[in-house]
RNA sequence: GCCAGCGUGGCGCAAUUGGUAGCGCACCCGACUUGUAAUCGGGCGGUUAGGGGUUCAAGUCCCCUCGCUGGCUCCA
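Residue numbers (the numbering used here): 23 to 678.
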């Protein structure tokens with residue numbers, strides 16, 4: 023009685039099934055409520071898709087990656103319907119799923135107000151309750167044009183698709199590759215709404231278990247500054263109320279550990295309005311952490327053969343003309359200071375030209391190479407006003423910047439050892455999970471293609487040797503060089519771009535630097551740029567969020583707070599503190615007239631790694647009692663043992 | 001740079017339709033001296049980011065500047 027055979031694929035297992043002609047994917051998976059779409063011969067399809075003989079069919083569950091994307095895309099449609107009902111003049115842009123959610127762009131006469139989101143959510147809930155069916159319909163270009171005559175942006179997409187040019191990011195969900203389709207939202211048999219869309223979609227709106235609109239924003243149509251700005255609404259949707267809740271809690275956790283908030287709470291740094299946007303001052307507690315980070319980094323660099331240099335923050339314009347910065351990135355530089363007789367000085371946006379000056383200060387021999395120059399170099403970049411963001415995107419910041427001058431022969435080994443060094447040092451700061459991007463030649467570049475190819479190959483080889491997983495970012499290199507960016511994953515799973523490593527054969531030529539080789543000829547060195555933290559400010563901000571302010575003891579600004587049970591125990595704790603200070607431990611005795619419980623609370627909120635308490639019992643035994651950040655305690659520890667425990671944790675740079 | 005939302009004592013927040021700026025924490029003073037997350041009492045502190053305007057009257061309305069937030073664009 024079965025008229026055709028399909029192959030059902032589930033998590034790698036394959037099974038053949040005989041079904042009647044015209045069976046849909048949905049009927050195949052009837053009974054499994056988690057299945058909301060299917061992959062038929064490799065293509066994602068609606069459950070209403072009619073199968074053909076010999077099809078290979080895989081169920082798509084709503085809680086899979088593909089399933090969530092479909093859910094979110096369908097939720098975007100519900101949003102768009104709600105918007106057009108509440109704001110009839112709204113014209114549709116695009117509405118794709120994105121990581122953790124979706125958005126939909128609209129052209130509206132008056133921008134949305136945050137309060138509009140609540141009204142839209144209410145309407146969306148009604149639409150979901152109505153159990154509208156998502157119904158797919160194939161149309162010709164002309165039919166689509168006729169049906170969407172009132173939607174200028176959709177018409178533009180149809181036009182783009184006809185021209186087979188690359189549409190905007192996200193637009194592929196509207197028009198896709200082949201035939202055009204429109205999805206009708208049907209309330210019973212009545213058409214509630216429709217949208218040009220490739221699909222697939224959930225069977226009905228009722229299949230949306232949980233969603234929330236997040237924020238309104240503006241976005242340029244098709245991602246170009248030259249185009250008009252549309253109003254974008256961001257939302258999120260999940261396979262269950264619990265999954266939505268977990269996501270919202272993750273966002274709340276990210277907010278709690280936002281470095282800008284912790285910077286204030288822990289008194290680490292601030293951005294005085296009087297100084298200017300994006301320009302931080304470091305308070306004593308933040309300053310200690312930064313100093314410890316720098317000291318450790320400096321020591322490791324010295325051990326690895328780097329030499330320390332210092333250079334000024336300002337330079338005459340000629341330097342940046344030679345380097346090419348004024349030709350390529352003058353926009354990103356602070357405007358020049360005009361001095362007498364027409365001399366112009368610029369704040370430096372990068373340290374490299376300065377380091378080249380050091381190299382060029384005298385003749386160089388191949389025997390000196392590789393020459394590794396390192397500086398904590400403070401640079402200033404005129405970031406656009408809308409992008410400044412705490413410590414992670416500042417206008418003044420300090421790079422842990424090094425430039426390595428080497429012979430072409432040395433390039434490969436130098437890159438390889440460099441990568442190992444970088445990753446090793448990042449591990450010491452408590453970061454574990456690394457990936458890399460290899461950014462290759464961009465459209466706008468300088469130099470010879472052969473040189474680019476050589477450098478790209480050397481970078482890739484070093485990634486392989488260092489065994490770091492990487493992806494190739496085609497065309498993402500700097501104009502003067504290909505680069506490797508190292509990304510790290512933080513404690514709550516976010517990825518941050520940190521270190522960069524670039525091969526540069528432009529600057530050596532521009533500055534005409536040379537070395538004398540063994541055969542007596544003059545040769546041009548290669549140059550490698552690298553920053554490990556990227557910027558100290560940014561790295562600090564990332565670490566702060568990674569640790570949620572609870573730094574490991576070696577970095578904590580105050581490592582120990584000693585808390586007397588009563589005033590008469592203060593002198594004893596001062597002796598303990600003196601012993602700790604002898605070991606270089608940063609310790610404070612809390613002699614305020616707060617109650618002991620309050621002192622504990624204070625130390626706890628300041629995320630102090632160790633609290634040492636002492637009362638009559640401890641003093642009798644020559645001991646102290648520990649309270650750790652976890653709330654755990656360890657009582658009656660002999661003072662020398664306590665000191666040793668703390669000093670050891672600091673020396674080993676472990677987290678506790 | 002563009003769009004939107006914001007900007008109240010150090011921090012977190014309040015202030016009916018425009019009608020004399022309050023609270024908590026922190027801070028200062030006093031009392032209390034207490035074994036693991038907030039003792040009690042008193043006090044100081046704001047020309048409501050800055051400037052201009054409307055009004056009898058503006059933290060509340062309008063304009064400009066600065067700054068912050070979320071996006072977009074950008075990130076050498």
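Virtual Cβ for every residue (Gly too), placed ideally from N, Cα, C. Since the model is a prediction, treat every value here as computed from it, not as a measurement.
Sort out for me which residues DSSP pairs residue i with in a bridge.
i, result
"residue 156", "207"
"residue 511", "455 and 517"
"residue 622", "DSSP lists no partner for residue 622."
"residue 418", "402"
"residue 285", "None, per the DSSP bridge assignment."
"residue 338", "367"
"residue 124", "119 and 257"
"residue 304", "291"
"residue 238", "255"
"residue 549", "427 and 526"
"residue 330", "396"
"residue 411", "415"
"residue 19", "In the structure displayed, the chain extends from 23 to 678; residue 19 sits before or after that span and is not available."
"residue 217", "205"
"residue 226", "155"
"residue 322", "Answer by DSSP bridge pairing: none, since residue 322 is not bridged."
"residue 37", "30"
"residue 387", "538"
Count the other CB atoms, across all protein chains shown, that sit within 10 Å of the CB of residue i; report buried if there are 16 or more and exposed otherwise.
i, result
"residue 176", "buried"
"residue 330", "exposed"
"residue 662", "exposed"
"residue 480", "buried"
"residue 568", "buried"
"residue 205", "buried"
"residue 475", "exposed"
"residue 638", "exposed"
"residue 332", "exposed"
"residue 632", "buried"
"residue 190", "With a pLDDT of only 45 at residue 190, under the threshold of 50, the placement of this residue in the model should not be trusted, and no figure is reported."
"residue 108", "exposed"
"residue 683", "The chain is shown only over 23 to 678; residue 683 falls outside these bounds and no answer can be derived."
"residue 541", "exposed"
"residue 126", "buried"
"residue 452", "buried"
"residue 462", "buried"
"residue 465", "exposed"
"residue 550", "buried"
"residue 504", "buried"
"residue 32", "exposed"
Since residue i contacts residue j with CB under 8 Å, what's their CB separation in whole angstroms?
i, j, result
"residue 83", "residue 124", "Contact flag wrong, Cβ pair sits at about 18 Å."
"residue 646", "residue 659", "6 Å"
"residue 599", "residue 584", "5 Å"
"residue 105", "residue 227", "With 8 Å as the limit, residue 105 and residue 227 do not qualify as a contact, their Cβ atoms being about 15 Å apart."
"residue 545", "residue 385", "Not a contact, Cβ separation roughly 12 Å."
"residue 420", "residue 317", "That belief does not hold up - the Cβ atoms of residue 420 and residue 317 are roughly 14 Å apart, past 8 Å."
"residue 483", "residue 434", "6 Å"
"residue 391", "residue 429", "5 Å"
"residue 202", "residue 218", "7 Å"
"residue 668", "residue 607", "6 Å"
"residue 405", "residue 300", "6 Å"
"residue 577", "residue 380", "Actually they do not touch by this definition, with Cβ atoms about 31 Å apart."
Pair every Cβ in the stretch 271 to 280 with every Cβ in the stretch 292 to 300, then say whether three or more of these pairs are closer than 8 Å. no
Mind the definition here: the stretch 246 to 253 touches the stretch 488 to 501 only if three or more C-beta pairs lie below 8 Å; say whether that holds. no
To test your reading of the DSSP string, which unbroken alpha helix (DSSP H) runs of 4 or more residues are found completely within the stretch 635 to 672? 638 to 643
Can we say the stretch 254 to 263 touches the stretch 229 to 241, given the rule of at least three CB pairs closer than 8 Å? yes
Three or more C-beta pairs below 8 Å linking the stretch 335 to 347 and the stretch 454 to 466: no
Report yes or no: do three or more beta-carbon pairs, one from the stretch 468 to 488 and one from the stretch 525 to 534, lie closer than 8 Å? yes
Examine the Cβ distances between the stretch 154 to 163 and the stretch 86 to 94 and report whether three or more of them are shorter than 8 Å. no
Check whether the stretch 375 to 391 and the stretch 406 to 416 touch, using three or more Cβ-Cβ pairs below 8 Å as the test. no
Mind the definition here: the stretch 70 to 80 touches the stretch 38 to 55 only if three or more C-beta pairs lie below 8 Å; say whether that holds. yes
Inter-stretch contact (C-beta, 8 Å, three-pair minimum) for the stretch 393 to 411 and the stretch 361 to 378: yes
Where in the stretch 430 to 510 do unbroken runs of the alpha helix (DSSP H), each at least 4 residues long, occur, reported from the N-terminal end onward? 433 to 450 and 471 to 488
If we require 3 or more residues per run, which beta strand (DSSP E) segments fall completely within the stretch 54 to 135? 57 to 62, 65 to 67, 78 to 83 and 123 to 129
Spell out a yes or no on whether the stretch 159 to 170 and the stretch 142 to 151 are touching, meaning 3 or more CB-CB pairs, one atom from each, closer than 8 Å. no
Unbroken stretches of the alpha helix (DSSP H), 4 residues or longer, contained in the stretch 574 to 602: none
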